[in-house]
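Protein chains in written order, with the numbering used here: chain A, 1 to 411; chain B, 412 to 756. Glycine is no exception: its CB is placed at the ideal position from the N, C-alpha and C atoms. Note that the coordinates shown come from a computational prediction; the quantities given were computed from them, not determined experimentally. Below: one structure, written as structure tokens.
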């Protein structure tokens, strides 16, 4: 038995050695074509997603308005209230937890400022974890509604769960102020307590499409979508908005969870396009962007809020450089980013700024002496004031009157 | 009404595209790329097929053995001081080879260790108690989940969030794909060459090991008739450990090769679909049959690559399984038949 073992391992060792020799030979050819700076990474590691311009639904750039002083959650420090609380509902655990946490931590910053300044008005923030799952959200919603101290809700975070629970909050007359649910149909339900703190998807798609065609002068764009509801819906709107610029011969569909896009890269490298638009999430976008670059496709990589995440940059590395990412979410100003980082222990993410702004609005309502749910709904309905991300003023349906899209660039 | 429906399905918005032009245009590129993928399937499929041959057990946790191999080679590279960045390192030829070799050994060691450990912890106790085949199958599925969730939840805590967790690992890239030469119309990259040749050599070595060595004869003997093999002085338990070890080592090697091709694929769930495909390949070639697994892997890789261009990329997995069903309808025991013991031909 012993000698056999040795025999066996020597065969394996032989295989190993042979593999190495082969790897060595082929690598030699690769190495000779590259620059000779051993041990260094080939691109700068300090890439980040930085805000570029703000655009409206026609894709036209909107100059940033005069810098108005954003609403301060601290107020004048003389507010009085007792026994009131606000709720936050969204994914706090599970695969999409990062998004819910971004909102929660943003709201927490506003709350801490408020409570530190107003000794006589300590507002409690109650958190409700839905895992982003509509079914779980419908179980959680009655708890929120049943707690009489809760005057307003920040959330729900996702469109699916908002759709499932909106009527419950509407019946209870509880303000539902979302920082991230962007499905356009949500405000068409006739709910009187639902307000959206950012632009919806029906604005993002056309705005980005027009921006690509009119401002960046792209005449041929390959639209690639994943098979999620989000990806399919966004791709439809982008394709429609692009019109003739969307090239059907290089349009492709991929699957969420895919990591290899060789066939799609092959198709796109064959088309003479000006840009690739990817409708989907960062988990697939990162390898896709990487493989496009590896496959010699050097046209700009364009995507939307699903990819607007630091994970995209860290996964794709140098291949993410120059990528154009849209988002209805506003960038975090420096001062807020520092406060957020100190409070949450991480950099602000997508929708953190919205979480802060919307929390601030509700706190201002409470500070103004409101003690019931109906009062807070009325307060938001007539609210008009600047936040960190934008000016907040809502129309009849609960949409923002001026809903703009931010264009970010990885650089 | 029916006419309208047919019209809607076929003309207005075809559910299935049929892009023969794209297939013809990219035929050679797709073939080479399919072989690259198929090589990885083939190496992983060997693990399924050997264990099935010896134990009649479908080791569903083998996909996690592969997944942990990816983490193994990644961890080894991290220990060597490589910082994940998403950008490629440029180390020069010699050092790249050395580091790839170390990563290969690391991946194989982890996968081999996990495979043998799995046998020890999960399957041997069942065998000692004479459990039913179904208990083994359920255990295998359970072990698969345990290993996945270990990487998902526990590994990040043990490593201070450097390994595992919900997101894919930030890649450490040692080799950037660059075209070396053109075969027919296909651009052959260095990565393709490394993967296909490495896999070929490993496959040949395994084949030789199974068919030419005493230990290989032991494996074949146990597969053919465990009782007689034991009577002839073959230690069944040792053969079983060896079988898991070989499967694990090959899965670890496949893990490194796959990572060269798909640097962003290192994630707790990254082995699952690939494992099912490799299992598919093993069945396609004839499960229990070593050469069948190799052939099945290559065939599956190439066919699904053709299929995804012909019908659309979202049909890739469908093509793989339809192919499997079609082959099993004609040859229920797979292309080369279902025998490890008689696989000398």
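Item                                                                                                                                                                                                          : Value
Does the distance from the CB of residue 328 of chain A to the CB of residue 232 of chain A come in under 9 Å?                                                                                                : no
For residue 113 of chain A and chain B, any beta-carbon pair shorter than 9 Å?                                                                                                                                : no
How about residue 42 of chain A: is its C-beta nearer than 9 Å to some C-beta of chain B?                                                                                                                     : Note that residue 42 of chain A scores 38 on pLDDT, short of 50, meaning its location in the model is unreliable; the coordinates nonetheless yield the value given after this. Closer than 9 Å: yes.
In the DSSP output, what is residue 88 of chain A paired with across the bridge?                                                                                                                              : A/127, A/154
Sorted by chain position, which residues of the same chain lie with C-beta nearer than 6 Å to residue 689 of chain B's C-beta, five sequence neighbours on each side aside?                                   : 452, 455, 456
Short of 6 Å in beta carbon distance, which residues of its chain neighbour residue 253 of chain A, apart from the five on each side in sequence? Order them along the chain.                                 : 225
Determine the closest residue to residue 185 of chain A out of A/387, A/398, A/88, with distance taken between C-alpha atoms.                                                                                 : A/398
In whole angstroms, give me the CA-to-CA distance for residue 418 of chain A and residue 591 of chain B.                                                                                                      : The first residue shown for chain A is 1 and the last is 411, placing residue 418 of chain A beyond what the model contains.
What does DSSP give as the partner residues of residue 61 of chain A in its beta bridges?                                                                                                                     : A/55
Between which two residues does the alpha helix (DSSP H) carrying residue 138 of chain A extend?                                                                                                              : 134-146
Kindly indicate which residue of B/430, B/701, B/625 has the alpha-carbon position closest to the one of residue 615 of chain B.                                                                              : B/701
Whole beta strand (DSSP E) runs in the segment 246-288 of chain A with 3 or more residues, listed along the chain?                                                                                            : 275-279
Could you tell me whether any Cβ in chain B is nearer than 9 Å to the Cβ of residue 258 of chain A?                                                                                                           : yes
Name, going along the chain, the residues of the segment 292-326 of chain A whose beta-carbon falls closer than 9 Å to a beta-carbon of chain B.                                                              : 294, 295, 296, 311, 313, 314, 315, 316, 317, 318, 319, 320
Listing by chain order, which chain A residues have their CB less than 7 Å from the CB of residue 719 of chain B?                                                                                             : 263
How big is the Cα-Cα spacing for residue 333 of chain A and residue 272 of chain A?                                                                                                                           : 39 Å
I'd like to know whether the C-beta atoms of residue 461 of chain B and residue 565 of chain B end up nearer to each other than 9 Å.                                                                          : no
Shortest alpha-carbon distance to residue 617 of chain B belongs to which of B/554, B/664, B/559?                                                                                                             : B/664
Would you verify that the beta carbon of residue 711 of chain B is, or is not, closer than 9 Å to some beta carbon of chain A?                                                                                : no
Can you round the beta-carbon distance between residue 582 of chain B and residue 574 of chain B to whole angstroms, since I take them to be within the 8 Å contact cut?                                      : Contact flag wrong, Cβ pair sits at about 13 Å.
Residue 725 of chain B CB to nearest chain A CB: under 9 Å?                                                                                                                                                   : yes
Given that a residue counts as buried once 16 or more other Cβ atoms are within 10 Å of its Cβ, and exposed if not, what is residue 187 of chain A?                                                           : buried
For the segment 475-482 of chain B against the segment 652-666 of chain B, do three or more pairs of beta-carbon atoms, one drawn from each stretch, fall closer than 8 Å, so that the two count as touching? : yes
In whole angstroms, what separates the C-alpha of residue 313 of chain A from that of residue 496 of chain B?                                                                                                 : 9 Å
Could you run through the segment 695-706 of chain B and flag, in chain order, every residue whose CB is less than 7 Å away from some CB of chain A?                                                          : none
Can you say whether residue 62 of chain A is buried or exposed, counting buried as having 16 or more other CB atoms within 10 angstroms of its CB?                                                            : exposed
For a contact meaning CB atoms closer than 9 Å, what does residue 637 of chain B contact in chain A?                                                                                                          : Near residue 637 of chain B there are no residues of chain A at all, since even the closest Cβ is about 17 Å away, more than 9 Å.
Pull up the distance between the alpha-carbon of residue 634 of chain B and that of residue 722 of chain B, whole angstroms please.                                                                           : 40 Å
Along chain B, which residues have their Cβ under 7 Å away from the Cβ of residue 227 of chain A?                                                                                                             : 725
Does the beta carbon of residue 522 of chain B sit closer than 9 Å to a beta carbon anywhere in chain A?                                                                                                      : no
State buried or exposed for residue 259 of chain A, treating a residue as buried only when at least 16 other CB atoms are found within 10 Å of its CB.                                                        : buried
Mapping DSSP to helix, strand and coil, what is residue 703 of chain B?                                                                                                                                       : helix
Residues in its own chain within less than 7 Å of residue 356 of chain A by CB, not counting five upstream and five downstream?                                                                               : 106, 107, 109, 110, 336, 388
Contact check, residue 222 of chain A vs residue 199 of chain A under 8 Å by CB: the rounded distance?                                                                                                        : Residue 222 of chain A to residue 199 of chain A, Cβ: 25 Å. No contact.
Which whole-angstrom value describes the C-beta separation of residue 189 of chain A and residue 166 of chain A, a residue pair presumed to lie in contact below a C-beta threshold of 8 Å?                   : 6 Å
Can at least three beta-carbon pairs, one atom from the segment 434-446 of chain B and one from the segment 641-651 of chain B, be found at a separation below 8 Å?                                           : no
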